[in-house]
Each structure stands twice: as C-alpha cells, then as structure tokens.
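Encoded as structure tokens, the structure appears first; notes follow it.
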Amino acid sequence: MAEFLAELGLETKNRTPLAKASISRMLTNQAYLGLVKYKGEYHEGRFEPILSATLFEAVQNVLLRRAKPRKSKQRHDFPFTGLLNCGECGSAITAQFSRGKCGGIYRYYRCTKKKGVCSQKYLQEKDLA
13 MAEFLAELGL
23 ETKNRTPLAK
33 ASISRMLTNQ
43 AYLGLVKYKG
53 EYHEGRFEPI
63 LSATLFEAVQ
73 NVLLRRAKPR
83 KSKQRHDFPF
93 TGLLNCGECG
103 SAITAQFSRG
113 KCGGIYRYYR
123 CTKKKGVCSQ
133 KYLQEKDLA
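Residue numbers for the sequence shown follow this note's numbering, beginning at 13 and rising by one.
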C-alpha cells in the first residue's frame, strides 16, 4: 500500500513515503466522515465529509478481514518476582526466560537498574531455590 501511494506521489511533509502506521490511521480516521472526536465522543464537524459512510464501512470490513490475529501473551510463573531487591543498588529484581537449544526453558532474575549503574549479573532461578 505504501509503495502504491508513493507511486501516486503521496508522501509526508518531509518528502518521505508514508509509514504503515500513518496509512492505518488514515484508513480508520472518522474525520473523513465529517466527524470530530471531543472528550472521547464523536460529533458532527463543521466541514463536509469526503467519504460516504458506505465506503468507510467497506474499508473497515476489508481491514477487519485482513487483520492478523494477535498472539496471546503466555504467562510465566516467576515465584520470586516482587519479593527481591538488588543488594548492590536497591532496584527491583525482575524476571525473564529464555529457551535453550533443546527447547528447555531457563528462568533468570536480574536487576532492573532503575536507580542507576549496577554491576550485578543475571541469576538463574535454580541458583536461588
């Protein structure tokens, strides 16, 4: 879509091609229907719509059909999260995991370094228990 619009000469004010996010905002912007959003509600604007409601709805249906389903976030059980602070800098300790070459899951805890520089290394969960 971005390439097609660039071939038509449509670009940003900086003369760069439109980004995917910009095109998405344009295709879902109800201002083209003559509507203005104020305090979370849409109201009729003082300008003429440039799209019919039928065409706008057709575009929304196409976008909905082509949308990729979002992956659901997998929850991980980190038993020490929220219980530990870094002994060096006092920042909170957070957890993360990685997968090994054979598919095993390894849980690690590390300093968030929110309070500045900290030299503490990652610590495997098995070393805590």
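Here a beta-carbon is modelled for each residue, glycine too, at the ideal position from N, C-alpha and C.
Own chain residues within Cβ distance below 7 Å of residue i, not counting five before or after
i      : result
ALA104 : ASN97, THR124, LYS126
MET13  : ILE35
Integer-rounded CB distance, given that residue j should sit under 8 Å from residue i
i     : j     : result
TYR54 : GLN42 : 6 Å
GLU23 : GLY46 : That pair is no contact at about 26 Å.
Proximal residues to residue i (C-beta, below 6 Å), its chain only, five neighbours per side dropped
i      : result
TYR44  : ILE62, LEU63
LEU135 : TYR121
THR93  : ALA107
Nearest candidate by alpha-carbon position, reference residue i, set the options
i      : options                      : result
LEU95  : CYS101, ARG78, TYR121, HIS88 : TYR121
LEU39  : ASN26, GLU69, LEU20          : GLU69
CYS101 : PRO91, LEU20, ASN26, LYS133  : LYS133
LEU140 : PRO91, GLY112, GLY116        : PRO91
Would you be able to state if there are at least three C-beta pairs under 8 Å between the region 76-83 and the region 104-122?
no
What alpha helix (DSSP H) runs, 4 residues minimum, are completely inside the region 58-95?
65-78
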